[in-house]
Structure formats: structure tokens, C-alpha cells
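**Q**
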Amino acid sequence: MEYRWDVQSTADPDAVQRIAEEIHVPQSIAAILVNRGIDTFEKAKTYFRPALDLLYDPFSMDGMDQAVSRILHAHRTREKILVFGDYDVDGTNGSALLYLFLKSLNLEVLPHIPDRINEGYGLSRTGIDRGKQFGATLMIAVDCGITAIDEVEYAATLGLDTIICDHHEPTGRQPSAHAVLDPLKPGSTYPFKGLCGCGVAFKLVQAVCRQLSDAHPPEQYLDLVALATCADIVPLVDENRTLTKFGLELINSNPRPGIRAVIEHAGLTPGHINTGHIVFMIAPRINAAGRLGDAMRAVNLLTCADDVEAAALAQVLEEENRNRRRIDENTFLEAQAIVEDSLARGSPEFNGAIVLHQEHWHPGVIGIVASRLVEKYYRPTIMMTTVDGIAKGSARSVEGFDLYQALKRCENKLIQFGGHKYAAGLAVAVDHVDEFREAFNAVVQELLAEDQRTPVLKIDSNVTLGELTPRFARILNQFAPFGARNPRPVFLAKNVDVAGVPRIVGKGHLRFKVRDGPITFDAIGFDLGHLIDRVPAGRKNLHIVFSLDEREWKRPSGGISGSGGEREKVLQLKVKDLK
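Each position in the sequence shown, counted from 1, maps to that position plus 109 in this note's numbering.
Take a look at the structure:
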């Protein structure tokens, strides 16, 4: 797939000059900061030195007073509480956080995660009934609930008050809950709109702790918040960046038993965990519990205090993740074959979007496969399977296209839907799938701008290889933690020469050297082996897009024995594209 290169222009040259001088960084780095909204000394200080005391007041979130008051009443009267979460990493981590906190207040707590197939997404009567049998009089929903109007009313008939900790888009009327905490709800004045569900739950815990002098400090749960924030791909800016930074410090310095066990199964080492490790290695293992079975296993893992129990639970999730990957691959190959056949026939069926439905597909993997199809074909994609006679599915979008609004334009064809700009869930009557596909395609064709039909490679700045010094790299490392809206900076170096003989290494990776005058760098292009013809030995005037990476290697020993040798970090270019 060819990319459209988009080099960011400098929004405010005067601000760039000022920031470069005030914080003593190169102009190219100052330009990146300004383009990311960090255009004053104070903002730069907060960005490079985030602090927990700079987090927003939790009571500035609409509904927080009512929520805290209700929990304090439950604390005084020793009520039993049902914690109802979603089955993904955000929901299970949020449930684990609330369970551990409420248990620390000596309250009886029942966590419940719905069964993906039998209960579906969000609050369910099955879970509410289970809470009633437990004796709960208060239900706290985390990462779900903002659209659960009927279920909240049903809980009220059973004597359960509801507090909602959600971050999804509200759809019309709000549930008649005791308190609704959602930064996206109409009229919310909370300064930051990007929290995940677990993040909203953390703000609730933070607020309760402020009112209870004997409560444990809420910062002890930031490891769970960091996992959820990274896994849910919410913007890693502002408050999320602070929460994640300190959460990563906990994960790396003193991981709780369940997290340590997952880290070990992933072949990682505490002390070096970053956001990429969470997204690609840790989160899939936690998610596997709910994709193929009972997601309560993830909550049990995250809340257990025993290393032996944690190791056993992590082993179960490891096996589930292997099964998930096998089912994922088979489903992807089936879906790909359908799309390729349609494209080969010249059918207009998938011109705007890809909408697929097969009744035998596993509901636990269709969201992952939809994301993979977006990567391959770069079109908004919906994957559906049949559950209880209804086509239920997951939708994923491309950069800049508002999937939620597109679905809203087709809501007369849907039984229900909900989600975000880039990801959503939906349900369609099986005999209306073709009709929905046609309607959704028409909306996408109308709303999808021409420049959204080609993947964009966003480039932060032009640089020369001579600028890429160890100090330059150290400053860039302080941009971490990296994630959505705070990605690792990407650079464009023009007119470099290929040095030596490029080769393909591993499973299709391109390794070569580039030179600009006397400066030479190693370069690696993961999965770019197919571009080797673009970099023949001696090629001049090559343009490369890359991020700056550090590679660790062991310096050979100069001794006679040949033993020893110090480990050394060297800079290399992680190439994303080249022309």
C-alpha cells in the first residue's frame, strides 16, 4: 500500500523559536512540541515533568458529588455493591480497580463481567439479577452503561441504585441513574474528554479518597489505569499521559502478581515495559479471557494477591490467547477471500466500505479482524456474526472518518449501536444485513473525503542525519509515554545515499545503511522487505521516513578469553517508508 506523506508545517514560527531558546532544544524538536500544542514554557514544563498534583479536580466532573455521596452512604451502612464491567481490558481493569478499592473499605463487593455470547455488551438483566441475589443495593457500571436506559430502570425496580462510569458517546436520553460520570455527556464541563472507562473509575476513587481520611491513596491503582488507557487507544495526552506515566512506573518497579505473571508469559521483563508492550503483548493476553470465554478470569488475575495463583491464571490466558490467534487468522483468511473475490469480479459491493456477515464467525475476534482488514484495504470495515438470531458486529474506521456519525445516519436500519469515532458495536436483523450494507456504503461514499481514502504517513519534521545526536535522542525519549495523539516523532531525511549492500533479514525485514556526507546510520524497515528494489547499493538521493530508535548490542571483549563485553546502545533509523 502506498502512503501519502504529510509533512507537518510549522504552525507558529515565533513560538518555535521561543520554545527552542527557553528549554534549550533543537528547532526541529521545538517545532514538534508547538505542533502538539506545547507552545509555552509552562506547558513544556508540564509535558516533560508531569506530576500527580496537577491532575484535574475529580469533583469538577458532572455527577461526582452525587456519586461520592452515594458511595459514602453505602460505606456507612455496610451495603453490598455490584461492580458491572465490560469484557475488554478497559472494563476488566476498571472492575478490578473498583473491586480492590471497595474491598479496602471493608465492603462486600461482587464483580460481574457479562458473557460476550450469552449476555452481549453492556449491562444485562442476567448480571443485575446476580447482583440482586448477592444482596447488592448499589451497582457501579464501568466502561458501559451510558446507553443502558432500560437496564438501569430494571435495576431500580429491584432496589439497586446505579452509578455509571463510562466514556462512550451518549445516544439521546441518559439513563435515570443515581449518578452518571461521563466526560462526553452533554453539558459536561470536565476539562479533559479523553479518559477511558477505567480512568473515569479512578477519578471516582480519587474523589472518595478525598472525603475519607483513612482511605488508601488512589495512586496505587494507576498500574490498572495505565493498562486500560493504552489498550483502549484513547488519546495519550493531558491527564491520560500523566496517569499512564505513573502507572508505567508502578508496573516497572513493583507489578502486582497478576500483571507480573502476564509480563513473564509475554517474555518481557519488568523495568523495561512501555506502551507498545502493553498494546501488542500484554493487553491481548488480558483480552483473550473475554474473547473466548469468561472475562471474570481477567478480573481474578488482576485482583489476586498470590503469586502461585497468578501464575496459574496467566497460563490459562496464555493458552486462550494462542487459541484466539488461531481463530483470528482463520477468520481473517475467510474474510480476505470474500473481499478479494468481490474485487476480482469488479463488484462495487465494497467500494466505500467493507461490510461482512458470516453466521459462524466467533464474536470474540471479529473486532480484531475488522482492524486487520482496515490495515489491508484502508476502508471503514464492519464484521458481523450471528448471535441469537441477530447479526451482531464490530466496526472499525480509517483516519479522520467518524464511524459513529456514519452509523447514526443508518440507525433506522439498526437494532442498536454505540461506540466511538473510530470503533463501534452494532446489531442488525439478519434479514436486513444486505439493506444495511447498501445504506452504510452510500453514507460512506458521501462522507468519506478523497484524502481519507489513502493512508497518510504523518511526518513531524524534516531533519538531516547530522542532527540525530545522542542528546537529540535523549530529548525525544522524554516525549514518552507514546500513544494516540502523542506518537513517537517521525522524521523525513531527504537525499541520503545507500551505503553498503541492503539485505532482507528475519521474516521480510529490510536492513541497510544510509549516509549523508560523513554521517552513517543503520536502518531497519520492519515488513518492508518488498521495497528492497528501491535501495540498490549505491543509490543516491533517497528520501526516507523514520523514527529514531535505540538498538542495544554487546561490545566484543578485547581480552584473550573472549568473555565479557559491555552492552552499548546505538541509534538506528526505524524506517516507515522510502522513495
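Cβ atoms here follow ideal geometry from the backbone N, Cα and C, with glycine treated the same way.
Taking Cβ to Cβ, would you say T353 is nearer than 8 angstroms to A375?
**A** Cβ atoms of T353 and A375: not closer than 8 angstroms.
**Q** On a Cα-Cα basis, can you pick out the residue from D560, F621, T412, V605 that is closest to S204?
**A** The shortest C-alpha separation from S204 is found at T412.
**Q** Determine the DSSP secondary structure at M170, reduced to helix, strand or coil.
**A** Coil, per DSSP.
**Q** Cα separation between L680 and V346?
**A** Taking the straight line from one Cα to the other gives about 26 angstroms.
**Q** Can I249 and I272 be called in contact, C-beta distance under 8 angstroms?
**A** Yes, they are a contact pair.
**Q** Have a look at F150, N215, D437, R481 and flag the residue whose alpha-carbon is nearest the alpha-carbon of E130.
**A** With distances taken between Cα atoms, E130 lies closest to F150.
**Q** Which partner residues of V289 appear in the DSSP bridge assignment?
**A** According to DSSP, which records beta bridges pairwise, V289 is partnered with I273.
**Q** Less than 8 angstroms between the C-beta atoms of V478 and D450, yes or no?
**A** Contact flag unset, no.
**Q** What are the start and end residues of the beta strand (DSSP E) that includes K189?
**A** 189-194 is the span of the beta strand (DSSP E), which, as asked, contains K189.
**Q** Beta carbon of M493, beta carbon of A500: below 8 angstroms?
**A** Yes, the pair counts as a contact, with Cβ atoms nearer than the cut-off.
**Q** Mind checking whether V539 and A462 have CB atoms under 8 angstroms apart?
**A** Not a contact, by the Cβ cut-off of 8 angstroms.
**Q** Rounded to a whole number of angstroms, what is the C-alpha to C-alpha distance between S670 and T378?
**A** Low per-residue confidence applies at S670: pLDDT is 49, beneath 50, and the placement is therefore not dependable enough to give any value.
**Q** Express the C-alpha separation of V116 and G609 in angstroms, rounding to a whole number.
**A** Cα to Cα, the separation comes out at about 29 angstroms.
**Q** Which same chain residues end up closer than 7 angstroms to I382 when comparing Cβ atoms and leaving out the 5 residues on each side of it in sequence?
**A** Excluding positions up to five away in sequence, the list reads L357, I360, N361, I372.
**Q** Looking only at its chain, what residues have a beta carbon closer than 6 angstroms to the beta carbon of Q424, apart from the 5 residues adjacent to it on each side?
**A** So the list is empty, once near-sequence residues are dropped.
**Q** One question on the structure: do L682 and L585 come within less than 8 angstroms of each other, judged by their Cβ atoms?
**A** Cβ distance not < 8 angstroms, so L682 and L585 don't count as in contact.
**Q** Drop a sphere of 10 angstroms on the beta-carbon of E484, count the other beta-carbons inside from all chains shown, and report buried for 16 or more, exposed for fewer.
**A** Label assigned to E484: exposed.
**Q** Taking the alpha-carbon positions, what's the F355 to L331 distance?
**A** If you take the alpha carbons of F355 and L331, they lie about 7 angstroms apart.
**Q** Taking the alpha-carbon positions, what's the Y208 to Q136 distance?
**A** C-alpha separation (whole angstroms): 48 angstroms.
**Q** Does DSSP classify V565 as helix, strand or coil?
**A** Looking at V565 - three-state DSSP - the assignment turns out to be strand.
**Q** So who's on the other strand from G203, going by DSSP bridges?
**A** BP columns for G203 are empty, so no partner.
**Q** Please list the segments of the beta strand (DSSP E) lying wholly inside the stretch 536-590, counting only runs of 3 or more residues, in order along the chain.
**A** If we require 3 residues or more, the beta strand (DSSP E) runs fully inside the stretch 536-590 come out as 565-568.
**Q** Please go through the same chain and pick out, in chain order, the residues whose beta-carbon is closer than 6 angstroms to the beta-carbon of I132, but skip the five residues on each side of it.
**A** Result list for I132: A153, in chain order.
**Q** Give me the Cα-Cα distance between A421 and R365, rounded to the nearest whole angstrom.
**A** Answer to the nearest angstrom: the Cα atoms are 15 angstroms apart.
**Q** Rounding to the nearest angstrom, what Cα-Cα distance links R594 and P344 in this structure?
**A** If you take the alpha carbons of R594 and P344, they lie about 5 angstroms apart.
**Q** Secondary structure at G638, three-state DSSP: helix, strand or coil?
**A** The answer is helix: DSSP assigns G638 an H, G or I state.
**Q** For the alpha helix (DSSP H) containing N349, name the first residue and the last one.
**A** N349 -> alpha helix (DSSP H) spans 347-362.
**Q** Please report the Cβ distance between F193 and L247, rounded to the nearest whole angstrom; I am assuming they are in contact, meaning their Cβ atoms lie under 8 angstroms.
**A** With a Cβ gap of about 11 angstroms, F193 and L247 do not count as contacting.
**Q** Grouping DSSP H, G and I as helix and E and B as strand, with all else coil, what is P611?
**A** P611: strand per DSSP, three-state reduction.
**Q** According to DSSP, simplified to helix, strand and coil, what is E677?
**A** E677 falls in the strand class under three-state DSSP.
**Q** From A453 to A446, what does the alpha carbon distance come to, in whole angstroms?
**A** So the alpha carbons of these two residues sit roughly 10 angstroms apart.
**Q** Return the residue from the list D199, Y156, M110, N144 that minimises the CA-CA distance to A398.
**A** The candidate whose alpha carbon is nearest that of A398 is D199.
**Q** By DSSP, does A140 sit in helix, in strand, or in coil?
**A** If DSSP states are grouped into helix, strand and coil, A140 belongs with the helices.
**Q** Can you tell me whether DSSP reads G306 as helix, strand or coil?
**A** Helix at G306.
**Q** In the DSSP assignment, find the unbroken alpha helix (DSSP H) run with H374 in it and report its ends.
**A** Start and end: 366-374.
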